[in-house]
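Numbering (mature numbering (1 follows the signal peptide of the UniProt record, and there is no 0)), first residue to last: -23 to -1, 1 to 158.
Quick look at the structure:
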């Protein structure tokens, strides 16, 4: 597992600044880590369900049982799975809006990332897509529909944090600035 990597590209910069905590302020109950199954379910019902442009993201998040939270700039419309360390929101980028999905889990972070990638591939078409090498991400893949999906792994307290970025469909020319810069 890669815990610390050099940050490059716009998404890497966002990954280092988006979340400082995984519990809403004022919460009296500490949030618990999530399972891989919980993570996949929330990812499918929010980020994937609101493709291609995330226009109905907030409605999908509410319908999935997530609670709107605040104080997580630069996230727009951040939502959290109640009492779990799963946060999802939107981030603006030069390539358009990106869905930022963050989960803390005691499960193997590579397995969590693989399950989320498999879910995305299934949702947009069964092709593998194009992989991009990266020193910061576990993977960076342009899916068959044109969306870019990346996974960053960090140690977060007692768990591993997987941060997934999923873009709306973009062109191949828009990908390098997001990953490398």
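Every residue, glycine too, gets a C-beta built ideally from N, C-alpha and C.
It should be emphasised that the depicted structure is a prediction, and the values quoted were computed from it without experimental measurement.
Going by C-alpha positions, residue 125 is about 19 Å away from residue 16.
If you draw a straight line from the Cα of residue 52 to the Cα of residue 154, it is about 20 Å long. Runs of alpha helix (DSSP H) with 4 or more residues, each lying fully within the segment 81 to 121, are found at 86 to 101, listed in chain order. CA-CA distance, residue 114 to residue 139, rounds to 10 Å. Contact between residue 89 and residue 82 holds, since their C-beta atoms are separated by about 5 Å, short of 8 Å. Residue 8 sits in coil when the DSSP states are folded into three classes, being neither helix nor strand. Using a Cβ distance threshold of 8 Å, residue 19 and residue 65 count as a contacting pair.
Put simply, of 28, 135, 22, 32 the residue whose alpha carbon is nearest the alpha carbon of residue 85 is 135.
CA-CA distance, residue 141 to residue 61, rounds to 17 Å. Annotated three-state conformation of residue 32 is coil, per DSSP. Around the beta-carbon of residue 48, fewer than 16 other beta-carbon atoms lie within 10 Å, marking it exposed.
The straight-line gap separating the alpha-carbon atoms of residue 40 and residue 68 is approximately 20 Å. Rounded to the nearest whole angstrom, the CA to CA distance from residue 14 to residue 116 is 20 Å. Where residue 55 is concerned, the enclosing beta strand (DSSP E) starts and stops at 53 to 57.
Between the alpha carbons of residue 150 and residue 123 lies a distance of about 11 Å. In this structure, the alpha-carbon of residue 23 lies about 19 Å from that of residue 147. Separation of residue 56 and residue 38 (C-alpha to C-alpha, rounded to the nearest whole angstrom) is 7 Å.
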